[in-house]
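As structure tokens, the structure follows; a few thoughts come after it.
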Amino acid sequence: MNKQSETLERTVVLVSLQLTKTKIKVLSYIYQVYGRILIEALERMWSNSISSWTRAKKLLYKRFREKYPDLPSHYIHEAIRDASQRLKSFKKLKKKGLAKTDKPVVKKWSVGCDNQLWKLTLEGVRIATRKGWINIPLQFHKLFWRYYNGGWILRSSTRWKLVENKLYLYVVFTREVEVIRTSNSSKVYGIDINENNVTIYCYPENKAATIVTNFSKIVLGYAYRRARIQRKWSRVFGVKDNRRLKIALMKLRERNVKKGIKQKLARIVIDIVKDGVVVLEKLPKRFQDKVIEKNRKLNGLDAHRLKQSSIRGIHKLIIEKLEGYVIPFILINPSYTSSTCPICSSKLILMKGYAQRNGWKPRLMKCPRCGFIHDRDIIGAINLVGKYILDVSPMPLGRRVPMTPVWSGL
Ligand SMILES: [Zn+2]
Numbered sequence: 004m005n006k007q008s009e010t011l012e013r014t015v016v017l018v019s020l021q022l023t024k025t026k027i028k029v030l031s032y033i034y035q036v037y038g039r040i041l042i043e044a045l046e047r048m049w050s051n052s053i054s055s056w057t058r059a060k061k062l063l064y065k066r067f068r069e070k071y072p073d074l075p076s077h078y079i080h081e082a083i084r085d086a087s088q089r090l091k092s093f094k095k096l097k098k099k100g101l102a103k104t105d106k107p108v109v110k111k112w113s114v115g116c117d118n119q120l121w122k123l124t125l126e127g128v129r130i131a132t133r134k135g136w137i138n139i140p141l142q143f144h145k146l147f148w149r150y151y152n153g154g155w156i157l158r159s160s161t162r163w164k165l166v167e168n169k170l171y172l173y174v175v176f177t178r179e180v181e182v183i184r185t186s187n188s189s190k191v192y193g194i195d196i197n198e199n200n201v202t203i204y205c206y207p208e209n210k211a212a213t214i215v216t217n218f219s220k221i222v223l224g225y226a227y228r229r230a231r232i233q234r235k236w237s238r239v240f241g242v243k244d245n246r247r248l249k250i251a252l253m254k255l256r257e258r259n260v261k262k263g264i265k266q267k268l269a270r271i272v273i274d275i276v277k278d279g280v281v282v283l284e285k286l287p288k289r290f291q292d293k294v295i296e297k298n299r300k301l302n303g304l305d306a307h308r309l310k311q312s313s314i315r316g317i318h319k320l321i322i323e324k325l326e327g328y329v330i331p332f333i334l335i336n337p338s339y340t341s342s343t344c345p346i347c348s349s350k351l352i353l354m355k356g357y358a359q360r361n362g363w364k365p366r367l368m369k370c371p372r373c374g375f376i377h378d379r380d381i382i383g384a385i386n387l388v389g390k391y392i393l394d395v396s397p398m399p400l401g402r403r404v405p406m407t408p409v410w411s412g413l
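Reading the sequence shown from the start, the letters are residues 4 to 413 in the working numbering.
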């Protein structure tokens with residue numbers, strides 16, 4: 004086992020309340036001057052072929068200091084750093100032939116602040132200006148507190164810009180995560196997510212596991228109960244502003260229960276796949292609408308069930324967890340994965356009658372050419388792995404050498 008740590012990064016935007024004219028004036032002065040320094044620094048660095056921050060500061064700092072004596076000096080450092088970073092990424096793009104202009108151009112910018120230029124307070128943020136520190140009240144939100152109290156570390160630098168009469172503050176949270184990865188692991192896990200189960204197939208061990216969630220039943224059950232409660236409480240008082248109805252619905256704890264199941268499911272999945280590369284299907288945008296379109300015959304409640312069916316939610320949660328634990332994963336187009344024979348690539352047919360078990364009803368598929376029979380969801384998971392190994396993996400099928408994980412996420 005090989006332990007490593009990696010840093011995760013999340014940017015959170017905090018928006019201020021409407022600012023007073025005086026504050027806007029002071030801030031937009033900084034914004035404008037910062038932009039001017041950035042543009043000029045970039046031009047000079049470009050013509051002198053300098054891209055290092057330290058060398059650029061030696062060359063340019065004094066000049067800007069004299070030109071803008073009332074600007075807190077750290078903004079000059081930050082603007083030059085900004086220029087240096089832009090120059091470096093421009094050079095990279097150019098090397099790849101992706102640069103759209105022949106020299107770097109500044110179109111948009113936000114003001115970079117190091118730890119000397121900003122401080123978070125209980126009400127908002129304090130920003131250093133030529134008139135001293137000014138207080139900017141911010142609207143803190145749930146997401147911010149979740150990171151702030153959830154073991155993430157607030158980065159000491161930040162960026163801000165003005166949008167209309169408000170300040171947008173971009174704070175960054177980081178977190179070190181320990182990555183446990185078997186150094187020579189060549190395991191590949193295919194994950195097939197359905198309404199009622201999540202199926203995982205492991206290559207090369209050739210094992211599969213199905214985690215039954217029966218999510219559609221839960222969703223449907225809640226839909227019925229919700230409808231009953233609504234009927235009961237709205238008969239006399241109507242639906243609008245009906246406090247008793249609201250309370251009765253709250254007592255259902257529908258969201259919490261569903262969320263709890265999904266969290267638990269994602270934890271189980273991560274526990275299984277943590278020592279390999281994970282292959283998931285790429286969900287199309289507006290995926291659930293498409294499913295409903297295909298099933299136009301369904302009645303209202305069934306459509307509701309599909310809409311609520313949390314395939315997308317589970318998919319998203321698993322990906323978040325994979326990112327959190329820094330497990331390499333890849334998204335693959337799932338077309339034909341549940342209808343193609345993994346042995347001979349023929350089109351599979353659905354088995355009928357007694358071949359289908361009862362209970363949560365696995366849907367067995369059979370290959371008319373080679374006789375291969377298996378559960379539809381497991382076939383889906385196997386074929387996802389197959390697609391990855393044949394199309395994407397740098398490792399030829401069957402060779403057990405460590406592969407470079409195809410890296411998504413970070
Ligand atoms: Zn076959």
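The C-beta atom is built at its ideal place from N, Cα and C for all residues, glycine as well.
- Task: Check whether the Cβ atoms of Leu387 and Thr340 lie closer than 7 Å to each other.
- Result: Numbered from 1 along the sequence shown, position 384 holds the residue referred to as residue 387. Numbered from 1 along the sequence shown, position 337 holds the residue referred to as residue 340. Cβ distance < 7 Å, so Leu387 and Thr340 count as in contact.
- Query: With respect to the alpha helix (DSSP H) encompassing Asp85, which residues constitute its N-terminal and C-terminal limits?
  - Reply: Position 82 of the sequence shown, counted from the first residue, corresponds to residue 85. From DSSP, the alpha helix (DSSP H) with Asp85 extends over 76-98.
- Evaluate Met253 with the Cβ neighbour count: other Cβ atoms within 10 Å of its Cβ, from every protein chain shown; 16 or more gives buried, anything less gives exposed. For the purposes of this step, residue 253 is identified with residue 250 of the sequence shown, where counting begins at 1. Exposed, by the Cβ-count rule.
- Task: Select from Asp73, Asn51, Glu81 the residue whose C-alpha is nearest the C-alpha of Thr132.
- Result: Position 129 of the sequence shown, counting from 1, holds the residue named residue 132. With distances taken between Cα atoms, Thr132 lies closest to Asp73.
- Using 6 Å as the cut-off, classify the Cβ of Ser349 as near or not near the heavy atoms of ligand 1, replying yes or no. Counted from its first residue, the sequence shown places residue 349 at position 346. Answer for Ser349: yes, Cβ within range of ligand 1.
- Query: With Leu351 and Cys370 assumed to form a contact (beta carbons below 8 Å), what rounded beta-carbon distance in angstroms separates them?
  - Reply: The count along the sequence shown starts at 1 and reaches residue 351 at position 348. The count along the sequence shown starts at 1 and reaches residue 370 at position 367. Their Cβ separation, rounded to whole angstroms, is 5 Å, which keeps Leu351 and Cys370 in contact under 8 Å.
- Item | For Arg13 and Tyr150, believed in contact at Cβ under 8 Å, the rounded distance | Counting from 1 along the sequence shown, the entry for residue 150 is found at position 147. Counting from 1 along the sequence shown, the entry for residue 13 is found at position 10. About 6 Å separates the two Cβ atoms, so the contact holds.
- Query: If we call anything under 7 Å between Cβ atoms a contact, is Val16 one with Phe147?
  - Reply: Residue 16 sits at position 13 when you count from the first residue of the sequence shown. Residue 147 sits at position 144 when you count from the first residue of the sequence shown. No, Cβ-Cβ distance for Val16 and Phe147 is not below 7 Å.
- Query: What three-state label does DSSP hand Leu172 in the structure shown?
  - Reply: Counting from one through the sequence shown, the residue named residue 172 turns up at place 169. DSSP places Leu172 in strand when its eight states are reduced to three.
- Item | heavy atom of ligand 1 below 6 Å from Ile346 C-beta | Counting from 1 along the sequence shown, the entry for residue 346 is found at position 343. Result yes, Cβ under 6 Å from ligand 1.
- Query: Buried or exposed: where does Ser87 fall if 16 or more other Cβ atoms within 10 Å of its Cβ makes it buried?
  - Reply: In the sequence shown, counting from the first residue as 1, residue 87 sits at position 84. Label assigned to Ser87: buried.
- Could you tell me whether the Cβ atoms of Leu41 and Val114 are closer together than 7 Å? The residue given as residue 41 occupies position 38 in the sequence shown. The residue given as residue 114 occupies position 111 in the sequence shown. Taking 7 Å as the Cβ cut-off, Leu41 and Val114 do not qualify as a contacting pair.
- Within 6 Å: the Cβ of Cys205 and any heavy atom of ligand 1? For this step, residue 205 is matched to residue 202 along the sequence shown. Not under cutoff, so the answer is no.
- Item | Cβ pair Gly279, Val191 closer than 7 Å | For this step, residue 279 is matched to residue 276 along the sequence shown. For this step, residue 191 is matched to residue 188 along the sequence shown. Cβ atoms of Gly279 and Val191: closer than 7 Å.
- Name the one or two DSSP bridge partners that Val12 has. Working through the sequence shown from its first residue, we reach residue 12 at position 9. The residue asked about is misnamed: residue 12 is Glu in this sequence, not Val. Answer is Thr177, bridged to Glu12.
- Short Cβ contact (7 Å threshold) for Ser19 with Leu141: Here the question's residue 19 lines up with position 16 in the sequence shown. Here the question's residue 141 lines up with position 138 in the sequence shown. Yes, the Cβ-Cβ distance between Ser19 and Leu141 is below 7 Å.
- Message: Buried or exposed, going by whether 16 or more other CB atoms sit within 10 Å of the CB of Phe240?
- Response: By one-based count along the sequence shown, residue 240 stands at place 237. Its Cβ having fewer than 16 others within 10 Å, Phe240 is exposed.
- Task: Enumerate in chain order the residues of its own chain whose CB-to-CB distance from Arg238 is below 6 Å, with the five nearest sequence positions on each side excluded.
- Result: On the sequence shown, position 235 is the one that residue 238 refers to. Cβ neighbours of Arg238 beyond the five flanking positions: none.
- Can you check the stretch 317-391 for any alpha helix (DSSP H) of at least 4 residues that lies completely inside it and give the ranges in chain order? 379-390
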